[in-house]
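Asks: In the UniProt record's numbering, the protein residues as written are 1 to 938. C-beta: ideal position from N, C-alpha, C; glycine also.
(1) The beta strand (DSSP E) with residue 402 in it runs from where to where?
(2) What separation, rounded to the nearest whole angstrom, lies between the Cα atoms of residue 700 and residue 669?
(3) State buried or exposed for residue 124, treating a residue as buried only when at least 16 other CB atoms are found within 10 Å of its CB.
(4) Where does residue 5 sit, in a helix, a strand or coil, going by DSSP?
(5) Measure the C-alpha to C-alpha separation of residue 254 and residue 248 and round it to an integer number of angstroms.
(6) Considering only C-alpha positions, which residue in the set 461, 178, 377, 116 is nearest to residue 311?
(7) Where do the ends of the alpha helix (DSSP H) carrying residue 322 lie?
(8) Taking the alpha carbon of residue 829 as the point to measure from, which residue in 850, 838, 83 has its own alpha carbon closest?
(9) Using CA coordinates, which residue listed in 384, 863, 861, 848 is at the minimum distance from residue 939?
(10) Taking the straight line between their C-alpha atoms, what separation do you get for residue 827 and residue 16?
(11) Could you tell me which residues DSSP puts in a beta bridge with residue 617?
(12) What are the start and end residues of each continuous alpha helix (DSSP H) run of 4 or more residues lying completely inside the region 137-194, in chain order?
(13) Is the separation between the beta-carbon of residue 844 and that of residue 31 shorter than 8 Å?
(14) How would you label residue 767, buried or exposed, when you count the other beta carbons within 10 angstroms and need 16 or more for buried?
(15) Check whether the Cβ atoms of residue 105 and residue 69 sit closer than 8 Å, and answer yes or no.
(16) Determine the direct distance from the alpha carbon of residue 20 to that of residue 27, and round the result to whole angstroms.
(17) Figure out for me which residue from 614, 127, 110 has the closest Cα to the Cα of residue 73.
(18) Going by DSSP, which residues form a beta bridge with residue 338?
(19) Please classify residue 209: is it buried, with 16 or more other beta-carbons within 10 angstroms of its beta-carbon, or exposed?
(20) Are at least three pairs of beta-carbons, each pair with one atom in the region 169-183 and one in the region 530-543, less than 8 Å apart?
(21) Measure the Cβ-Cβ separation of residue 138 and residue 90 and say whether it is below 8 Å.
(22) What does a CB cutoff of less than 6 Å around residue 410 pick up in its chain, not counting 5 residues either side in sequence?
(23) From this set, 134, 762, 78, 617, which residue's C-alpha is nearest residue 107's C-alpha?
(24) Taking the straight line between their C-alpha atoms, what separation do you get for residue 443 and residue 397?
(25) Expressed to the nearest angstrom, what Euclidean distance is found between the alpha-carbon atoms of residue 928 and residue 282?
(26) Using a beta-carbon distance below 8 Å, is residue 62 in contact with chain C?
(27) Are at least three pairs of beta-carbons, each pair with one atom in the region 180-199 and one in the region 462-473, less than 8 Å apart?
(28) For residue 202, write down the residues that DSSP places opposite it in a beta bridge.
(29) Note down, in chain order, each residue of its chain lying with its Cβ closer than 6 Å to the Cβ of residue 785, except the 5 sequence neighbours on either side.
(30) Does DSSP put residue 446 in a helix, a strand or coil?
(31) Can you name the start and end residues of the alpha helix (DSSP H) that residue 828 belongs to?
(32) Could you check the C-alpha separation between residue 816 and residue 173 for me, to the nearest Å?
(33) Quick check on residue 422: does DSSP put it in helix, strand or coil?
(34) In whole angstroms, what separates the C-alpha of residue 970 from that of residue 284?
(35) Checking 8 Å against the spacing of the C-beta atoms, do residue 94 and residue 9 come in under that value?
(36) Mapping the DSSP letters down to three states, classify residue 648 as helix, strand or coil.
Right, here's the structure in full:
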């Protein structure tokens, strides 16, 4: 029976926590994120009907809505307590609309409440000050959702028709992809420039050593390229050697460094990436758990404030608490005279919530370490330190610059350093600093003008300018925010979409565009240039902010966008494949065919087969490839691949790295059906080991026995670890991989050897019978003993923890349990296992959800046992193709076998239409559906 007041939140974990804070008059239920969305089909947004929008309940949402409806029926008041952001406001509006359609709100008072932290005081304060659902924020959501849908469902089909093999395009996703592709193009055309530096060691009269760098030669100041080559560096060394040196000047100045503002969504993602190695999605998932609550001593406690925010301000209570804590922990001299007030740079004041901070600063990380897993503790500690440091006194440093000169002042060198006079906030928190800042942190010995110095070694060093670095998740998020593209709460989902579509890949935490992504970007830049321009996308975001502030009508924004966009799409209807190819070939020719006669003496476009045709981009049903212009006379083709540094084409066959010094056998890197691998020795029967075995010239005659040939020994092979590119592998790395498994060292408790190797599921550690897969950030070739012991300890602890029982199955009475396996968390009943959907926190799983997943798995398994029946129920085009092939064979058999074949053929004919519809949700997958929404609706 429901209480007289119903509180609707988004997640079951939050519902469980809030339910403890409110009395028996309140019933708290969860919506599990968004309850409605635009159907993934044409016509869900209708511009011709003034942008009318059609909504439908998700399959899983129907059950949640039924539970909410039962709770609301008979209630006096309903509180919509969804998250305090634009998405939360949208969910509150959807809930109101759905319940109103069910005629459940006629005599019910509906109120909207928000709280920035899940604490008893915050929840009770929100209940005491309700408001109405913000129409302006809802309108901004509707405009954003409609824009993303219209771009995705209008532009993606153009890509599918004109650029086979592409997946989708999105309003913000395509601009982020352009940033990554353009940075890669900058790197490819970059030409390193040589320069030299000269460092000289000196000793003071007191015997203290230090190092100074050459800044002036022959009385002239040197710029970065003042010593362009070795000859110039040698001349500088020759000028230094015969001269004596003394201190010509000493400059001292005191500087103050102020602390950084508390975290916003964007800065948290950036710092978690730099300091902890977390991706944006991982950071937000952990932060969501800390926000919704963790069990501490039998009580569920929300540890941080809401983690989707553009604001940097702190509440007065938090400021006072932090100042009190700083005084207790570090002393009054670390507490500034006046509180530090930070102002948000957010363009939309309604979304400028409080910064991300601990709900209770006196809850120090060591005190709650036992209740958090490793990642949760590391992120909480990062947030705690940043918040405390933001209210601490500034750091004070003495910076010193010393000029060392020869008597004639034709040679001058400079040494710089600094001394921390007062560490201030740096006692708690420091950001990563670049090499220049590190240089400033060097300490110099005491010196005075006129001091004679003893010269030591002269060290000339060669350098080359470096290309701009590839984007990391942190630097890409920062760039998007600087350009005003998208909003921080959506960046995690956008970056994930780019990887899911295989437009980009993460290698050593840096984004590298795949050829598919570069083709899509080139196509959009040539034929939809306006819609991937940075200024255009940023201006559109500003208009959406104006809608949420009530300064602009949301349909006006849609009309202005749609008329021009629809016309641009119409202009591509008569676009021929030849026009597309010419444009892409022009845009990407330098990428796929680098070099040229002036570099390598050969034209990289000449066909290596017929030596007459010109290589260029071609399009097929499966996507783009490189082919010869002499087709069909010449049928040379190869997959999209970039030429190597010598301007020659990268061959698909083995690449020789060198010979193994022990055996003398060749070591090659190869590509097989399951990815790249290293091989020691030649392939059995020659180098065509990756091709099907050739037929023998003569078949043995019947009745004659043939001698069974002895199979040659298989060469040793090892797969490349995930993230290691074949082009980056050298002989030394290959030999180390071939030597796996390697011994890391003896376990300090058992003295048994710990081994590291690469197996069927990737890199692993082994200790006795305990195996542990290596996380992506750990290298199987270099992992040390201490780190290995920590990882194995986690694995042993996990293996010894029994599965949590969710309840009894209503049909069998047997327990339904929660567990974790090699492929992630799962639920189990008897011998049936079902994976927990990606993004769903295992701790929040209920028995009802588990039963739903187990039922779906049972149906799926039953379908695998009867493929013909599964096809009739509506398989997609790809699975349906197999029965069709079998049908042709069956039709030639006796008449008794024809009936099933006919049925299968009809089913197959219908499947492609359904597959086309099913593929469209990918088109509109942009920032409108952040991971938290998917996680809750999954």
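Replies: This is what the structure holds:
(1) 395-405
(2) The predicted position of residue 700 is uncertain, since its pLDDT is 41 and thus under 50; a value taken from the coordinates is nonetheless stated next. The straight-line gap from Cα to Cα measures roughly 37 Å.
(3) exposed
(4) strand
(5) 21 Å
(6) 116
(7) 316-330
(8) 850
(9) No information on residue 939 is available, as it lies outside the stretch 1 to 938 that the chain covers here.
(10) 21 Å
(11) 626
(12) 173-189
(13) no
(14) buried
(15) no
(16) 10 Å
(17) 110
(18) DSSP output for residue 338 lists no bridge partner at all.
(19) exposed
(20) yes
(21) yes
(22) 218, 219
(23) 78
(24) 11 Å
(25) Here the model assigns residue 928 a pLDDT of 41, short of 50, so the residue's position is not dependable and the matter cannot be decided.
(26) You won't find chain C in this structure, because it holds only one protein chain.
(27) yes
(28) 210, 455
(29) 744, 745
(30) coil
(31) It is not in any alpha helix (DSSP H) - residue 828 instead sits in the beta strand (DSSP E) that spans 824-829.
(32) 40 Å
(33) strand
(34) Any answer about residue 970 is impossible in this case: the structure gives the chain only from 1 up to 938.
(35) no
(36) Any answer about residue 648 is weak, because its pLDDT of 38 lies below 50 and its placement is not dependable; what the coordinates show is given next. Three-state result, residue 648: coil.
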